[in-house]
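Residue numbers (full-length UniProt numbering): 1 to 313. Glycine residues also receive a C-beta, built at the ideal position from the N, C-alpha and C atoms. A quick note: this is a predicted structure, and the numbers were derived from the prediction, not measured. Here is the structure we will look at, set down as structure tokens.
Quick look at the structure:
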């Protein structure tokens with residue numbers, strides 16, 4: 001079975017059934033990662049190109065590893081050190097990659113809609129690895145997978161997203177996906193870091209973190225983007241830490257069954273204390289492993305869409 005679409009650009013237009021299919025496929029993929037030989041020939045002969053216009057460590061490495069675990073041929077292209085730095089357009093770069101035999105193009109770009117533009121102009125499958133502040137579907141899927149892995153379900157859970165919601169593609173994708181899977185989603189942060197009318201996305205909004213933490217099952221903590229601090233979106237790092245930082249006292253208050261998550265990279269001592277990040281309730285490390293499984297699942301479902309009864313053994 002495969003996704004009935006050429007591209008996967010976001011969770012805003014994905015159905016609950018498609019999300020479930022990806023999560024179920026990721027279970028099999030994670031099993032591969034636990035084997036002695038962590039590789040299968042499923043995508044042998046397929047070519048995956050990682051086209052990253054923005055710096056990335058976790059996402060880029062995760063996609064590279066995912067493709068290699070499925071035996072695909074992998075090429076990674078970044079803005080520096082390529083014709084992109086000489087002014088070549090996104091479309092021309094992608095067309096070149098397509099002529100070279102790309103089956104899937106994984107793109108990360110600073111411009112919202114870049115993945116959509118690419119998908120409309122090339123025949124290869126396009127997988128969105130983050131476009132501006134718009135969407136980051138694979139991060140949201142690995143977050144959802146991590147929650148389901150721990151609770152056995154998504155429906156009915158109370159999930160709180162804390163931090164810079166306004167500039168976060170991770171927050172948007174999580175909200176779209178969690179809502180479709182039946183979770184109750186809340187957001188908390190300074191008013192200056194919350195989008196206008198975010199309630200229309202189907203979330204409950206808090207400015208007081210301690211109130212937001214009541215009866216939560218999952219706390220997903222976003223990175224404070226230090227580069228935006230000079231814009232005066234909040235008074236100081238110290239004040240943010242005191243009002244919105246996840247510390248030991250707040251961890252104790254939410255109870256031992258609640259999960260702590262973070263998409264990384266973390267600013268330890270600002271949005272999250274080390275005692276919280278390294279606690280038994282944290283699944284931050286497991287999120288990284290689940291990210292490889294989710295990306296394997298999507299590459300398999302997209303690149304294998306023309307192949308029936310693929311063998312994962």
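Rounded to whole angstroms, the gap between the alpha carbons of residue 187 and residue 100 is 44 Å. For the 8 Å CB-CB criterion, residue 140 and residue 11 form a contact. By the Cβ neighbour-count rule, residue 35 is exposed, with fewer than 16 other Cβ atoms within 10 Å of its own. The C-alpha of residue 274 lies about 6 Å from the C-alpha of residue 268. Sequence-distant partners of residue 13 (beyond 5 residues in either direction) whose C-beta falls short of 6 Å from its own C-beta are missing from its chain.
By the criterion of a C-beta distance shorter than 8 Å, residue 286 is surrounded in its chain by 146, 149, once the five residues flanking it on both sides are discounted. Counting along the chain, residue 116 sits inside the alpha helix (DSSP H) bounded by residues 114-119. C-alpha of residue 132 to C-alpha of residue 108: approximately 8 Å in a straight line. In the displayed model, residue 204 falls within a strand according to three-state DSSP. Counting along the chain, residue 280 sits inside no alpha helix (DSSP H), nor does DSSP assign it H or E at all.
A distance below 6 Å between beta-carbons, with the five flanking residues on each side excluded, links residue 168 to the following residues of its chain, in chain order: 222.
Runs of beta strand (DSSP E) with 3 or more residues, each lying fully within the stretch 117-149, are found at 125-131, listed in chain order. Beta-bridge partners assigned by DSSP to residue 109: 131. Between residue 110 and residue 54 the beta-carbon gap is near 6 Å, inside 8 Å, which marks them as a contact. With 16 or more other CB atoms across the displayed protein chains lying within 10 angstroms of its CB, residue 159 is buried. Using a C-beta cut-off of 8 Å, the stretch 211-220 makes contact with the stretch 236-254, since at least three inter-stretch Cβ pairs fall below that distance. By the beta-carbon neighbour count (other beta carbons within 10 angstroms, threshold 16), residue 59 is buried. Sequence-distant Cβ neighbours of residue 196 in its own chain, meaning closer than 7 Å and more than five residues away, do not exist here. Excluding its 5 nearest sequence neighbours in each direction, residue 72 has C-beta neighbours in its own chain below 6 Å: 43, 46, 48, listed in chain order. Minimum Cα-Cα distance from residue 163 among the listed residues 116, 194, 177, 178 corresponds to 194.
An exposed status is given to residue 38, since fewer than 16 other beta-carbon atoms sit within 10 Å of its beta-carbon. As DSSP reads the structure, residue 73 sits in a beta bridge with 47.
Positions of the alpha helix (DSSP H) runs, each at least 4 residues long and wholly inside the stretch 156-181, are given as 169-180 in order along the chain. Residues of the same chain with a CB within less than 6 Å of the CB of residue 264, apart from the 5 flanking positions on each side, are 58 in chain order.
Counting C-beta atoms within 10 angstroms of its own C-beta, residue 192 has fewer than 16 neighbours from the protein chains shown and is therefore classed as exposed.
When the five nearest sequence neighbours on each side are left out, the beta carbons in the same chain lying within less than 6 Å of the beta carbon of residue 7 are those of 119, 125, 126, in order along the chain.
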